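In my numbering, the protein residues as written are 3 to 527.
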């Protein structure tokens, strides 16, 4: 044998030996039931991961893997995508534990009209920090309007509108995935439809989505859905109706009409979908209980109105009227999530606080209590005013996804809505396993491929070869939300493993400390 041929043979033998020894996969998840996110039935199989991608799904030969996860008796699903969050401050709590512990691997921030103004700077900060989930953001209308017009209750001038359009365009160029509105909040509530259409069109021209916290989710629900759909029709934007609900007891049942409007719009070619959280209580600011005109101009002007006896009587009269329109007699449905001026009030209802501070539980004493809290800087609230029937009806609709409407929570801080700890797990445990409202396969589709397709997150939302290895391993018999309204700081159970881009961020039911998340510039690839 020549020296050259001998040398080649040695190289081949050594190379073959090294190949046999080297792990073929970074992670191999074996023995589970694969629910792939498409909505199709589950099937037994394995999932192999290499370099952050799924490289094989099905019956996989026993091959060397750096890590093997035994999923026997478990469901293996794509990572959950939460398209309605307020995780804008994720760099401050980069492990995002309340999200990943309930299976969320991708979050979309910038909702309800509120976002960073400089999207490029915000994404750069998150990239530098490194976070545990994939992160994308919308650009918020309220943020843009406030930067140009403050909190003025008027139409923009043409130069002001041009400046707002420029800010939206820059945000899209810097990586925003769309444009959001919060039309119950100052200053967005002062904007009329033509302004919204002009700004949403800028995002639509860059393939961005339009997501809206609508103008009214109770007494004028249908009109608000129609306005939202018109924006999509006028601009060509895909439309996401945020946290679809009926928040007025007098109008319970209106979800059927709202969903019918979505169906009709879709037959006309308008790409409109919605999202929902699985609770009969909402969470928002105390300010939305006050008439919008009373909140113009910032805290100093708000205080001046509240401290003027005649003006306060007018405000109080309108507040009573707004409550009556919804079928509510007082503020007993309103519970404090966080009141910085007096944290001892956290977790108490306005009725309880009125009794404590005013010595009376009357409706008038409750309104006076709300006034005092607004003068002290306002509060974050939980509002109990929705019905189970509407929640279930909305959940059954095939174009409604699952989203938490939560921020990145600090364990033990305040008394927040439990959805931030348990939303996805509650759907799987309460609405799938206990109530049989939807199937497991449909629930997972609503959390994965449905939002991935609507928000155009490429190669995410399915367990499929070539897709990003965002994977959840859950126990369908045990997955549950443990957070309650009284004790919300409690992580979901029954989700022992969560992988983001092929790296375990939850292992054996605990956060691993890993931060493999990517921002939008990479999420979309």
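We treat Cβ as the ideally placed atom computed from N, Cα and C, and that holds for glycine. Since we're looking at a predicted model, the values are computed, not measured.
Do you know offhand how far residue i's Cα is from residue j's?
i	j	result
residue 519	residue 137	7 Å
residue 42	residue 75	19 Å
residue 167	residue 201	6 Å
residue 92	residue 110	11 Å
residue 442	residue 466	19 Å
residue 182	residue 490	28 Å
residue 169	residue 146	7 Å
residue 162	residue 190	14 Å
residue 434	residue 446	10 Å
residue 188	residue 383	16 Å
residue 199	residue 227	15 Å
residue 470	residue 55	5 Å
residue 96	residue 373	36 Å
residue 207	residue 175	11 Å
residue 21	residue 64	Annotation note: pLDDT 48 at residue 21 (below 50); position unreliable, coordinate value reported separately. Roughly 15 Å between the two C-alpha positions.
residue 421	residue 484	10 Å
residue 527	residue 468	Unreliable positioning characterises residue 527 in this predicted model, as indicated by a pLDDT of 41, which lies under 50. A coordinate reading is not provided.
residue 453	residue 402	9 Å
residue 178	residue 215	18 Å
residue 229	residue 303	30 Å
residue 390	residue 487	16 Å
State buried or exposed for residue i, treating a residue as buried only when at least 16 other CB atoms are found within 10 Å of its CB.
i	result
residue 269	exposed
residue 356	buried
residue 217	buried
residue 521	buried
residue 309	exposed
residue 244	buried
residue 241	buried
residue 197	buried
residue 515	exposed
residue 400	exposed
Who are the near neighbours of residue i in its chain, counting only those whose CB is closer than 7 Å to its CB and skipping five residues on each side?
i	result
residue 7	Caution is warranted here: a pLDDT of 46 is assigned to residue 7, below 50, making its placement in the model unreliable, and no coordinate value can be reported.
residue 398	439 and 440
residue 375	288, 341 and 381
residue 14	Note that residue 14 has pLDDT 41, beneath the 50 cutoff, so the model's placement of it is unreliable and no number is given.
residue 502	81, 107, 134, 135, 136, 472, 518 and 519
residue 11	In this prediction, residue 11 scores a pLDDT of 40, lower than 50, which makes its location untrustworthy; the coordinate-derived value is nonetheless stated afterwards. Nothing meets the Cβ criterion.
Less than 8 Å between C-beta atoms, sequence neighbours within five positions excluded: which residues of the same chain meet that for residue i?
i	result
residue 301	379
residue 497	103, 104, 105, 427, 474, 475, 476, 477, 481, 508 and 511
residue 328	220, 221, 249, 250, 251, 252, 253 and 387
residue 393	247, 278, 280, 281 and 282
residue 385	249, 283, 284, 285, 286, 335, 336 and 337
residue 307	296, 313, 314 and 317
residue 88	111, 113, 114, 116, 407, 408 and 409
Measure how close the beta-carbons of residue i and residue j come, nearest whole angstrom, since I'm counting them as under 8 Å.
i	j	result
residue 419	residue 285	4 Å
residue 462	residue 132	That belief does not hold up - the Cβ atoms of residue 462 and residue 132 are roughly 19 Å apart, past 8 Å.
residue 86	residue 340	Wrong, their Cβ atoms sit about 20 Å apart, outside the cutoff.
residue 142	residue 117	4 Å
residue 108	residue 124	Not quite, the Cβ-Cβ distance comes to about 16 Å (not below 8 Å), so this is no contact.
residue 120	residue 504	Residue 120 to residue 504, Cβ: 31 Å. No contact.
residue 135	residue 79	Residue 135 to residue 79, Cβ: 16 Å. No contact.
residue 276	residue 264	7 Å
residue 210	residue 236	That belief does not hold up - the Cβ atoms of residue 210 and residue 236 are roughly 15 Å apart, past 8 Å.
residue 377	residue 311	With a Cβ gap of about 14 Å, residue 377 and residue 311 do not count as contacting.
residue 60	residue 47	5 Å
residue 448	residue 404	5 Å
residue 83	residue 450	6 Å
Where DSSP assigns a beta bridge to residue i, which residues make up the other side?
i	result
residue 45	36
residue 180	211
residue 52	55
residue 495	482
residue 278	404
residue 30	50 and 70
residue 470	55
residue 476	77
residue 237	None, per the DSSP bridge assignment.
residue 283	386
residue 359	Note: residue 359 sits in no beta bridge, so no partner.
residue 340	382
residue 529	The question about residue 529 has no answer here: the residues shown for the chain are numbered 3 through 527.
residue 110	138
So, at 6 Å on beta carbons, what are the nonlocal neighbours of residue i in its own chain, with the 5 sequence-adjacent residues on each side left out?
i	result
residue 50	27, 30, 57, 58 and 62
residue 25	66, 67 and 68
residue 347	338, 341 and 355
residue 431	481 and 482
residue 154	none
residue 184	114, 115, 144, 190 and 215
residue 90	111
Any beta carbon of chain B sitting closer than 8 Å to that of residue i?
i	result
residue 286	The chain inventory of the structure shown lacks chain B, comprising one protein chain alone.
Tell me whether residue i counts as near the ligand HEM, meaning its Cβ is closer than 7 Å to at least one heavy atom of that ligand.
i	result
residue 265	In terms of ligand content, the structure shown is empty, and the ligand HEM therefore cannot be addressed.
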